[in-house]
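**Student:** Submitted below is the structure of interest, expressed as structure tokens.
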Amino acid sequence: MNIVIQKLNGLWHLIVGSSQIRTPFLETQDRQLVVRYARRVYPGALIFEGD
Numbered sequence: 012m013n014i015v016i017q018k019l020n021g022l023w024h025l026i027v028g029s030s031q032i033r034t035p036f037l038e039t040q041d042r043q044l045v046v047r048y049a050r051r052v053y054p055g056a057l058i059f060e061g062d
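Be aware that the sequence shown starts at 12, since it is given in the numbering used here, and climbs by one per residue.
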């Protein structure tokens, strides 16, 4: 499974397939928090960081 982390409308989002999932993290927060969140929610997934 591939996950793309992206900033959108002031929040970080995870894009999984054709679904866009809003995270509880603001755009101003560190990207590493979002990466750790994505790894916890989707263990074993490939995570790509897009802007």
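A virtual CB, placed ideally from N, CA and C, is assigned to each residue, including glycine.
Keep in mind the model is a prediction, meaning the values are calculated, not measured.
Who pairs with Ile-27 in a beta bridge, going by DSSP?
**Tutor:** For the purposes of this step, residue 27 is taken as the residue at position 16 of the sequence shown. First, the residue type needs correcting, since residue 27 is Val and not Ile in the sequence shown. BP columns for Val-27 point to Ile-14 and Ser-30.
**Student:** Roughly how many whole angstroms lie between the Cα atoms of Asp-11 and Gly-28?
**Tutor:** In the structure as shown, the chain begins at 12 and stops at 62. Residue 11 is therefore absent and cannot be evaluated.
**Student:** Ignore the nearest five residues each way along the sequence and tell me which others in Arg-33's own chain have a CB closer than 7 Å to its CB.
**Tutor:** Here residue 33 refers to the residue found at position 22 when the sequence shown is read from its first residue. Here the set comprises Leu-22 and His-24.
**Student:** Would you kindly report the start and end of the unbroken beta strand (DSSP E) that includes Glu-38?
**Tutor:** To locate residue 38, count along the sequence shown from 1; it is residue 27. Unbroken run through Glu-38: none, as it is neither H nor E.
**Student:** Which whole-angstrom value describes the C-beta separation of Ile-58 and Ile-16, a residue pair presumed to lie in contact below a C-beta threshold of 8 Å?
**Tutor:** Here residue 58 is taken as the residue at index 47 of the sequence shown, counted from 1. Here residue 16 is taken as the residue at index 5 of the sequence shown, counted from 1. Indeed, because the Cβ distance is near 6 Å, the residues count as touching under 8 Å.
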